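Please read the structure below before turning to the comments.
Numbering (my numbering), first residue to last: 3 to 182.
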């Protein structure tokens with residue numbers, strides 16, 4: 003995962019407004035909720051920043067108690083980035099007995115083939131392969147960076163932005179995000 007920025011949440015959020023990633027209203031709401039920590043450099047890592055400011059979602063492959071619930075939370079968080087709605091999330095099997103995650107996004111049904119290598123862990127590869135299904139039709143797409151621990155894919159950061167916005171993030175903060 004990217005290194006922590008040497009800037010405050012307030013400073014970063016002001017740049018996000020300038021680049022059109024968030025509105026003034028979104029920034030002000032986030033800063034009010036965060037309070038004093040928003041003015042301390044290094045207080046937030048990138049996953050916390052993009053989640054707090056509503057432009058991204060961090061995903062971990064830590065064990066979860068309920069996979070279906072974890073997928074529902076993840077899908078809802080990703081869809082919320084573009085004011086979309088996810089419902090009817092179910093983890094089951096297809097006709098061949100393969101694991102299948104199904105859900106409804108704004109009234110349209112989707113199905114993702116998933117494979118859980120370890121019990122209680124999200125399928126990071128399937129999420130990466132399919133997250134584009136949740137992209138809006140406004141020019142924003144998902145960009146991604148991943149973190150590895152001992153050579154294993156352990157976490158992902160997804161940011162919904164335009165290519166120009168990601169270029170600005172890269173140039174200003176060194177945040178390396180690749181298109182999904």
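Note that the Cβ used here is the ideal one computed from N, Cα and C, for glycine as well. As the structure is a computational prediction, the values presented were derived from the model and not from experiment.
For residue 21, there is no enclosing alpha helix (DSSP H), as DSSP gives it neither H nor E. Runs of the alpha helix (DSSP H) lying entirely within the stretch 91-175, each at least 4 residues long, are 126-132, 165-175 in chain order.
Under the criterion of beta carbons closer than 8 Å, residue 61 and residue 14 do not qualify as touching, at roughly 21 Å. Linking residue 120 to residue 19 through their CA atoms gives a straight-line distance of about 40 Å.
For residue 160, the closest C-alpha among the options 114, 26, 11, 49 is that of 49.
The C-beta of residue 87 has fewer than 16 other C-beta atoms within 10 Å across all chains shown, which makes the residue exposed. A Cβ-Cβ contact shorter than 8 Å links residue 182 with residue 134. For residue 59, the enclosing beta strand (DSSP E) stretches over residues 58-62. Under the three-state reduction of DSSP output, residue 39 falls in the helix class.
Sixteen is the threshold: since fewer than 16 other Cβ atoms of the shown chains lie within 10 Å of the Cβ of residue 22, the residue is exposed. Under the 10 Å beta carbon count, residue 170 is surrounded by 16 or more other beta carbons and is classified as buried.
The C-beta distance from residue 11 to residue 45 rounds to 7 Å, short enough to meet the 8 Å contact threshold.
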